[in-house]
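Asks: All residue numbers for the first sequence refer to my numbering, where the first residue is 27 and numbers rise by one.
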Amino acid sequence: MDLKPTKPLSGFIELLPVQQRCFDYCTSRMMDVLRRSGYNRLDLPAIERAEVLTDKDNWDEIETQMFLFQKGDTKMGLRYDGTVGLSRYVAGHLNDLTFPLYTYQFARNYRGERPQRGRYREFWQMDIDILGLQSLSTNYDAEIVATLSKMYESISDIVGNVIIKIGNRKFWNAMFEYLGLSEDQSREAFVLIDKRDKISGFVDALTDVVGAQKANEIESVFQNGYRSFLNKTESLDSSISEMDEFINLLNSMGIKNAEIDVSIMRGHSYYTGIVYEFFSVNYPELPAVGGGGRYENLASKFSKTKIVGVGASVGVSRLLVALMEMAKIDLSRFENPVDVAVLVMGDNNVAYAMNIVSQLRDAGIVAIPYLDTDKKFKNQIEYADKIGARFAAIIGDDEVSKNQVALKNMENGNQETLSVADAIKTIKVK
RNA sequence: GCGGGUGUAGCUCAGUUGGUUAGAGCGUCGGUUUGUGGUACCGAAUGUCGCCAGUUCGAAUCUGGUCACCCGCCCCA
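1) Tell me whether the beta-carbon of Pro395 lies closer than 8 Å to the beta-carbon of Met371.
2) With H, G and I counted as helix, E and B as strand and the rest as coil, what does DSSP make of Phe125?
3) Who does Gly439 pair with in a DSSP beta bridge?
4) Could you give the distance in angstroms between the alpha-carbon of Ala172 and the alpha-carbon of Glu245?
5) Does Asn438 pass the burial test, meaning 16 or more other C-beta atoms within 10 Å, or should it be called exposed?
6) Below 8 Å on the Cβ atoms is my contact criterion, and I expect Gly299 with Arg320 to pass it. Report the Cβ-Cβ distance as a whole number of Å.
7) Going by DSSP, what residues sit across from Asp470 in a beta bridge?
8) From the DSSP output, which residues share a beta bridge with Ser306?
9) Cβ atoms of Met56 and Met201: under 8 Å apart, would you say?
10) The beta strand (DSSP E) with Thr100 in it runs from where to where?
11) State the DSSP-derived secondary structure class of Tyr396, mapped to helix, strand or coil.
12) Contact between the region 58-72 and the region 175-190 is defined here as three or more beta-carbon pairs at a separation below 8 Å; is this criterion met?
13) Where does Asp167 land, buried or exposed, given buried means 16+ other C-beta within 10 angstroms?
14) So does the region 126-140 actually touch the region 64-74, counting three or more Cβ pairs closer than 8 Å?
15) Taking the C-alpha atoms as reference points, what is the distance between Thr252 and Asn277?
16) Using only the alpha-carbon positions, how far apart do Ser445 and Val431 sit?
17) Helix or strand or just coil, what does DSSP make of Val455?
18) Where does the unbroken alpha helix (DSSP H) through Gly111 begin, and where does it stop?
19) Apart from the five residues just before and just after Met27, which ones in its own chain have a Cβ nearer than 8 Å to its Cβ?
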């Protein structure tokens with residue numbers, strides 16, 4: 027009989043126990059930040075109606091980008107980010123929610139695109155959003171960035187530091203208006219500016235779209251700074267001061283690793299204002315490890331009430347799994363989760379041993395029993411060694427008759443026979 | 001969808017200008033005191049050499065096709 031494949035599908039991730047412990051440690055630290063900050067956890071369905079996920083009606087085209095399928099007449103698909111489901115959720119529960127609403131989600135998302143390093147088809151994302159009705163001050167954008175920054179800070183001992191790059195879509199809208207670009211030209215210019223640091227002939231490519239003079243004006247934003255366009259038009263002025271005020275607010279919240287980079291655009295077209303991306307300082311070759319921005323109109327397809335959001339997400343898989351794959355994370359501190367391996371010799375001693383396991387666990391000690399009592403003792407102690415247990419508690423006929431345990435320190439090999447209470451004391455002294 | 005690369009043991013990979021029974025390290029299992037691990041020593045198991053066809057007396061090796069994976073592009077609503 028042919029054996030079936032053991033590898034998961036391409037682009038899907040599974041971790042070894044030590045990696046998973048690191049992953050869980052990091053995500054729980056980040057969620058601690060969110061809980062302390064008062065955000066509400068939402069756990070939304072992984073599957074949505076296809077019409078919720080996309081406005082496009084070209085099934086073939088979107089099928090290449092999303093996981094879509096059909097049951098009966100219902101077309102549905104796996105969510106590709108947290109924002110769409112959140113918009114639907116908020117629009118559907120307007121009467122039960124209080125705004126501004128602070129939310130977070132920690133969930134798997136799915137994309138059908140071809141996988142690459144740091145780009146998976148199934149990945150964890152931590153989304154944080156603040157939603158308001160009718161309007162939401164720019165101060166909330168800063169709150170989101172500051173909270174995101176704290177989340178990264180909470181795991182900086184594992185993954186290093188991040189830098190925050192902040193852009194503003196309003197700036198470019200004002201700029202294109204000032205330059206008199208058509209809608210098509212604006213759209214193409216958006217894409218080019220977004221890719222500015224990736225492509226070689228930026229000005230040439232831009233010249234093809236908008237002509238040499240305007241291309242040079244756009245390039246001068248990068249050469250002379252965005253502030254050189256002050257006092258041109260009212261909307262330019264306001265978008266520029268919006269960025270400056272934003273940075274000042276972040277500074278006053280203790281965020282020092284943020285800078286304006288007007289080439290930051292973000293792919294999602296629903297963003298309308300301030301946008302930002304987070305990059306790893308130590309591993310700049312990694313794509314953005316998080317980002318977000320403001321979306322004024324996303325829920326318009328679900329509700330006539332205007333719902334405004336500012337939100338961001340941490341690409342948890344990209345950040346952690348990609349770094350683990352590149353062997354950039356020191357996993358040694360996650361290697362020894364077990365305090366005591368309880369080894370049992372003889373089936374007739376199992377009850378006594380399990381009682382001790384229970385006492386150890388009640389005392390807050392991580393204890394696991396080795397219950398194949400017919401295995402040779404050598405195998406048992408080897409197991410204790412391999413799982414990195416700090417101690418082995420050995421239980422055979424002698425120990426049971428004396429109502430004690432033989433406690434062996436696996437690091438130095440010292441062994442003594444103790445009462446359970448004394449064993450607990452010894453184990454607890456780290 | 002496009003371009004490039006790689007497919008040999010559970011894993012990482014060797015494998016000479018095509019030549020007999022296919023190799024190493026690590027891991028696994030067993031043994032070197034049946035109540036004592038890490039180190040050391042001895043031994044064992046495991047491969048349709050990704051798949052199909054072709055060239056050849058002979059293919060892991062050369063050619064074509066195909067599939068899978070990796071890297072990059074497109075895309076990122």
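C-beta atoms are modelled at their ideal positions from N, C-alpha and C, and glycine is treated no differently.
Replies: On the basis of the supplied data:
1) Along the first sequence, read from residue 1 onward, the residue named residue 395 stands at position 369. Along the first sequence, read from residue 1 onward, the residue named residue 371 stands at position 345. It is not a contact, given that the beta carbons lie outside the stated cut-off.
2) What you label residue 125 is simply residue 99 of the first sequence in a count that begins at 1. It is coil, neither helix nor strand.
3) In the first sequence, residue 439 corresponds to position 413, counting from 1. According to DSSP, which records beta bridges pairwise, Gly439 is partnered with nothing at all.
4) Your numbering for residue 172 matches position 146 in the first sequence. Your numbering for residue 245 matches position 219 in the first sequence. Answer to the nearest angstrom: the Cα atoms are 30 Å apart.
5) As a first step, residue 438 must be located in the first sequence, where it is residue number 412. With fewer than 16 other Cβ atoms within 10 Å, it is exposed.
6) Within the first sequence, residue 299 is the residue found at index 273, counting from 1. Within the first sequence, residue 320 is the residue found at index 294, counting from 1. Confirmed, Cβ separation roughly 4 Å.
7) The requested residue 470 does not occur in the structure, where the chain is confined to residues 27 to 456.
8) Numbered from 1 along the first sequence, position 280 holds the residue referred to as residue 306. Looking at the DSSP assignment, Ser306 forms a beta bridge with Val188.
9) Along the first sequence, read from residue 1 onward, the residue named residue 201 stands at position 175. Along the first sequence, read from residue 1 onward, the residue named residue 56 stands at position 30. No. Outside cutoff.
10) Here residue 100 is taken as the residue at index 74 of the first sequence, counted from 1. Where Thr100 is concerned, the enclosing beta strand (DSSP E) stretches over Thr100 to Leu104.
11) Position 370 of the first sequence, counted from the start, is the residue given in the question as residue 396. Residue state, collapsed to three classes: strand.
12) yes
13) Position 141 of the first sequence, counting from 1, holds the residue named residue 167. Asp167 should be labelled buried.
14) yes
15) The count along the first sequence starts at 1 and reaches residue 252 at position 226. The count along the first sequence starts at 1 and reaches residue 277 at position 251. Per the sequence shown, the amino acid found at residue 252 is Tyr instead of Thr. In a straight line, the C-alpha of Tyr252 is about 19 Å away from that of Asn277.
16) For the purposes of this step, residue 445 is taken as the residue at position 419 of the first sequence. For the purposes of this step, residue 431 is taken as the residue at position 405 of the first sequence. Distance between the alpha carbons of Ser445 and Val431 is about 6 Å.
17) Taking the first residue of the first sequence as position 1, residue 455 is located at position 429. Looking at Val455 - three-state DSSP - the assignment turns out to be coil, as it is neither helix nor strand.
18) For this step, residue 111 is matched to residue 85 along the first sequence. Looking at the DSSP string, the run of the alpha helix (DSSP H) that includes Gly111 is Gly108 to Gly118.
19) If you number the first sequence from 1, residue 27 lands on position 1. Low confidence applies here, because Met27 scores a pLDDT of 46, under 50, leaving its location unreliable and the question unanswered by this model.
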